[in-house]
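Residue numbers (full-length UniProt numbering): 39 to 533. Think of the CB as a built atom: it goes at the ideal place given N, C-alpha and C, for glycine as much as any other residue. To start, the structure under review is shown below, and the notes come after it.
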Amino acid sequence: RQKLLPKDPSLPPVVFHLIPWFGSAATYGMDPYKFLFDCREKYGDLFTFVLLGRKMTVALGPKGNNLILGGRLNQVSAEEAYTHLTTPVFGEGVVYDCPNDMLMQQKRMVKFGLSTENLRAYVGMITDETLGFMSKELKVNNQWQGFDALDAMSELTILTASRTLQGKEVRAGLDKTFAQRYEHLDGGFTPINFMFPKLPLPSYRRRDKAQKAMSEFYQGIIRKRREGTHDHEYDMISALQSSSYKDGTPLSDRDIAHMMIALLMAGQHTSSATSSWTLLHLAERPDVWNELYQEQKEKFGNPDGTFRDLTYEDLKELKVLDYVIRETLRLHAPIHSIMRKVISDIPVPNSLSSPKQSENSSYVIPKGHFVLASPGVAQMDPLIWQNAEEWNPHRWNDESGVAAMAAEQYTEGDKVDYGYGSVSKGTESPYQPFGAGRHRCIGESFAYVQLQTILATLCRNVELKLQGPFPSPNYQTMIVLPLKGQTKIMYKLRA
Ligand code: HEM
């Protein structure tokens with residue numbers, strides 16, 4: 039129980055480490071959740087660790103999430119934490135390469151593109167793509183066969199996102215060139231790029247070339263659309279082309295192109311990781327897969343054994359499916375660490391201090407540190423959730439009382455207008471897979487429609503079983519994916 043106290047007692051305790059600059063990089067990098075839970079045991083909910091020369095102050099639990107995700111604009115900055123990673127991939131002028139107020143306006147424009155009218159149109163398109171994928175790629179028949187859940191879900195995610203959000207030109211251009219450019223951009227979106235923004239490596243050059251090519255590809259689509267006469271499109275390019283900043287300035291073609299790249303990157307791994315984890319859990323639990331099937335049969339089954347086509351409204355009826363996705367996101371939040379740079383000293387409220395810190399509860403997180411929130415820690419905290427490690431979708435049934443317990447204990451807070459619509463502040467909650475506060479995800483409604491439609495369509499048609507043990511998480515990527523090589527699922531056509 040060695041505790042290396044900082045010289046200044048107002049600073050949070052520092053996690054013991056042997057090598058000065060390297061700090062806790064290895065233990066944090068290998069298994070961030072184990073590292074964070076272990077540190078909480080030793081130091082309480084607030085502590086600082088060294089990560090390759092950076093001082094990372096962690097604040098855990100719902101109150102820690104509140105401190106960081108609800109942090110004031112003059113205290114914490116997302117752009118200073120992320121821009122060196124994201125700008126070379128998304129391109130200039132958008133997201134973290136512009137003042138926060140502009141990002142908030144860009145998020146409002148994206149929200150406009152995710153209207154109920156558009157989401158309603160997407161359900162049929164996603165169903166079509168899933169059925170096509172099942173017959174062309176999976177070649178489903180009544181023999182058991184195997185597929186790699188991660189590969190299959192990555193492909194189906196890009197097919198469905200391009201058919202809907204990204205638009206028909208992107209769907210039609212989903213060829214080898216697009217796939218390679220995407221791969222090169224993705225290769226520039228790794229923890230190495232985050233820690234070392236400028237390295238003379240071939241992957242950095244490939245990333246920059248791919249960014250330029252992608253940007254031109256999208257700008258070409260936008261130009262053609264402007265010149266031609268087009269039917270109404272339900273996609274994001276169309277929504278962004280008709281949007282403008284609050285002073286009336288429309289988005290430039292370059293900004294639209296870069297926002298489209300940002301949305302592609304923001305949605306691809308988060309959604310494909312979630313659908314992969316969900317399918318893996320369901321393949322391990324045929325009883326729950328069967329429950330999902332019975333739920334659909336009850337609600338939308340025809341007397342002859344067929345189903346009527348899914349609609350946006352139907353998805354809301356599928357309660358068990360909702361619990362399944364919610365529970366998967368509880369255990370497998372795709373983003374394990376959310377970071378901000380501290381731009382002015384943050385006094386830590388006494389209420390955050392855990393009993394272990396009670397002798398000195400007036401901590402300050404100084405300017406120059408980074409702060410790290412990990413909603414996943416609260417989501418898996420045995421002090422909050424019964425049998426926290428168990429994947430149990432039914433904990434979300436109101437009657438089970440577990441979710442109700444959590445909700446009662448932590449109120450959702452006031453509504454706040456961050457400029458892209460009024461959102462529940464919700465920064466002090468034990469369940470935040472989509473983040474909270476001004477940087478909260480705006481893709482949630484799209485991600486849910488995509489996940490629900492893919493899973494419901496698969497469930498109507500195939501039986502599943504898991505091949506081998508349940509996979510471990512891989513923390514070497516920006517998004518927590520199941521470990522490659524452990525993700526095989528067997529499937530066959532439903533009898
Ligand atoms: C922000 C999670 C899907 C677009 C975030 C954040 C989280 C998150 C945790 C907050 C990051 C932070 O505070 O630094 C997820 C999960 C998804 C998902 C779990 C799927 C299961 C999507 C999709 C899109 C999207 C499909 C686009 C269509 C965004 C954007 C932000 C964001 C634009 C805002 C970034 C900011 O304001 O700084 N997401 N996301 N996400 N996400 Fe998602």
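Considering only the beta carbon of each residue, do residue i and residue j sit closer than 8 Å?
i: K101; j: E355; result: no
i: K530; j: N180; result: yes
i: S253; j: A295; result: yes
i: Q143; j: G473; result: no
i: L493; j: L390; result: no
i: V518; j: L353; result: no
i: Q417; j: P468; result: yes
i: P70; j: S510; result: no
i: T202; j: M172; result: no
i: S309; j: L176; result: no
i: P324; j: A371; result: no
i: R261; j: D291; result: yes
Between residue i and the rest of its own chain, which residues show a CB-CB distance below 6 Å, the 5 nearest in sequence each way excluded?
i: F484; result: L152
i: Y134; result: E117, Y120, T121, T124
i: R158; result: Y350
i: D293; result: G131, V132
i: D46; result: none
i: A277; result: F150, G151
Does the Cβ of residue i lie closer than 7 Å to at least one heavy atom of ligand 1?
i: K379; result: no
i: residue 14; result: Given that the chain is displayed from residue 39 to residue 533, the structure contains no residue 14 and the question cannot be resolved.
i: K149; result: no
i: P404; result: no
i: C479; result: yes
i: T308; result: yes
i: L504; result: no
i: I373; result: yes
i: L301; result: yes
i: T312; result: yes
i: P137; result: no
i: L353; result: no
i: A485; result: yes
i: F472; result: yes
i: A494; result: no
i: L157; result: no
i: G305; result: yes
i: L317; result: no
i: A277; result: no
i: I230; result: no
Quick one: measure Cβ to Cβ for residue i and residue j, integer angstroms, because I've assumed they're closer than 8 Å.
i: D83; j: A97; result: 6 Å
i: S48; j: V402; result: 5 Å
i: M233; j: L90; result: 5 Å
i: V415; j: L74; result: 5 Å
i: M377; j: F338; result: At roughly 43 Å, the Cβ-Cβ gap does not stay under 8 Å, so M377 and F338 are not in contact.
i: M298; j: I275; result: 7 Å
Where does residue i sit, in a helix, a strand or coil, going by DSSP?
i: R532; result: coil
i: F54; result: coil
i: V454; result: strand
i: M233; result: helix
i: V518; result: coil
i: G266; result: coil
i: Q505; result: coil
i: G108; result: coil
i: Q470; result: coil
i: N512; result: strand
i: D352; result: helix
i: Q257; result: helix
i: T308; result: helix
i: Y376; result: According to the sequence shown, residue 376 is Ile rather than Tyr. Strand, per DSSP.
i: R209; result: helix
i: K41; result: Interpretation of K41 is limited by its pLDDT of 49, a score under 50 that renders its predicted location unreliable; no figure is taken from the coordinates.
i: R92; result: strand
i: F227; result: coil
i: F73; result: helix
i: P420; result: coil
For residue i, I'd like the list of residues in its chain whose CB is within less than 7 Å of its CB, leaving aside the five on either flank, ordered along the chain.
i: R532; result: N499, V500, E501
i: G226; result: P126, V127, S241, Y242, R245
i: A248; result: R219, H222, L223
i: N156; result: Y272
i: C479; result: F472, G473
i: W434; result: Y361, R364, E365, A441
i: G523; result: none
If I measure Cβ to Cβ from residue i and keep anything under 8 Å in the same chain, skipping five residues before and after, which residues do I get?
i: L317; result: A187, M191, L493, L496, L502, I527
i: L56; result: none
i: Q334; result: F345, L356, A494, C497, R498
i: I381; result: N112, Q113, V114, S115, E118, K405
Using a Cβ-Cβ distance under 8 Å, would residue i count as near chain D?
i: R209; result: In the displayed structure, chain D is absent; only one protein chain is listed.
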